[in-house]
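Enquirer: Provided herewith is a single structure, encoded as structure tokens, for subsequent inquiry.
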Amino acid sequence: MKEIRWHGRGGQGGFTASRLLGIAAGMFQDKHALAFPSFGPERRGAPVLAFTKIDDKKIHDRSEVITCDYVVVMDETLINPTMLKGITDDTVFIINTKNPDKYEILKNYKVVAVDATGIALDILGRPITNTAMYGALVAISGLVSLDAALESIRHEMKPSLIDKNIEIVNRAYEECSKVESTLKNN
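Okay, so the sequence shown: first residue is 31 according to this note's numbering, each after it adds one.
This is the structure:
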């Protein structure tokens with residue numbers, strides 16, 4: 031089973047990205063998936079977590095993701111030592127940042143940086159980073175195909191949002207595809 035933990039802030043779409051990945055795996059890749067949030071009475075801007083589990087067989091464990099294969103950080107201000115809980119030597123961090131080297135606590139881990147905010151601002155005119163981070167994860171992880179990821183957007187989003195979000199996923203995917211091959215060779 032592959033397990034992904036999404037760190038974001040309320041209003042950034044972390045649970046939406048988690049759900050899109052689950053839909054891509056479950057509906058368009060013949061896999062089993064669970065996607066669920068973890069938040070209480072938080073408000074917009076408060077830290078939130080979301081989780082995605084993907085496997086080739088039915089998933090019975092519905093608990094929060096502890097041991098992560100991928101950690102997606104939608105807002106770099108959330109990087110802190112508690113984020114290292116459940117991290118293994120093989121865990122890959124995908125961070126929305128222009129400068130991943132400034133995070134000393136991550137220096138011994140595999141880190142992929144993507145300027146998701148820049149991509150979102152360029153295409154949407156708003157700093158909503160969820161689909162850029164989703165595209166980055168798809169490129170880095172290979173958990174689902176790009177086609178499945180795009181189909182999940184077509185299936186789940188309002189028609190008025192589909193084209194721009196597909197453009198965002200494609201751009202992030204393209205930018206991160208170069209990194210994916212170097213991670214597999216390390």
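Here a beta-carbon is modelled for each residue, glycine too, at the ideal position from N, C-alpha and C.
The model shown is predicted, which means the values in this text are computed figures rather than measured ones.
Quick check on the burial criterion: 16 or more other C-beta atoms within 10 angstroms. Buried or exposed for histidine 37?
Expert: What you label residue 37 is simply residue 7 of the sequence shown in a count that begins at 1. By the 10 Å Cβ count, histidine 37 comes out buried.
Enquirer: May I have a chain-ordered list of the alpha helix (DSSP H) segments no shorter than 4 residues that lie completely inside the region 103–134?
Expert: none
Enquirer: In three-state DSSP terms, what is lysine 88?
Expert: Here residue 88 refers to the residue found at position 58 of the sequence shown. Shown here, lysine 88 sits in coil according to DSSP, grouped into three states, outside any helix or strand.
Enquirer: Kindly identify the DSSP beta-bridge partner or partners of alanine 76.
Expert: Within the sequence shown, residue 76 is the residue found at index 46, counting from 1. In DSSP, alanine 76 forms no bridge with anything.
Enquirer: Between the Cα of tyrosine 139 and those of Ile84, Ala162 and Leu114, spot the shortest distance and give me the residue it belongs to.
Expert: In the sequence shown, counting from the first residue as 1, residue 139 sits at position 109. Minimum Cα distance to tyrosine 139 is reached at Leu114.
Enquirer: Would the region 82–94 count as touching the region 51–65 if we require 3 or more Cβ pairs under 8 Å?
Expert: In this structure the region 82–94 lies against the region 51–65, because at least three pairs of beta carbons, one per stretch, are closer than 8 Å.
Enquirer: Can you give me the Cβ contacts of serine 211 inside the same chain, cut-off strictly under 6 Å, excluding the 5 residues immediately before and after it?
Expert: Residue mapping note: residue 211 aligns to position 181 of the sequence shown, counting from 1. Confidence at serine 211 is low in this model, with a pLDDT of 45, below 50, so the placement of that residue should be treated as unreliable; the coordinate-derived value is given next. Counting only residues of its own chain and dropping the five nearest sequence neighbours on each side, serine 211 has no CB closer than 6 Å to any other CB.
Enquirer: Three or more C-beta pairs under 8 Å: does that hold for the region 165–176 against the region 200–210?
Expert: yes
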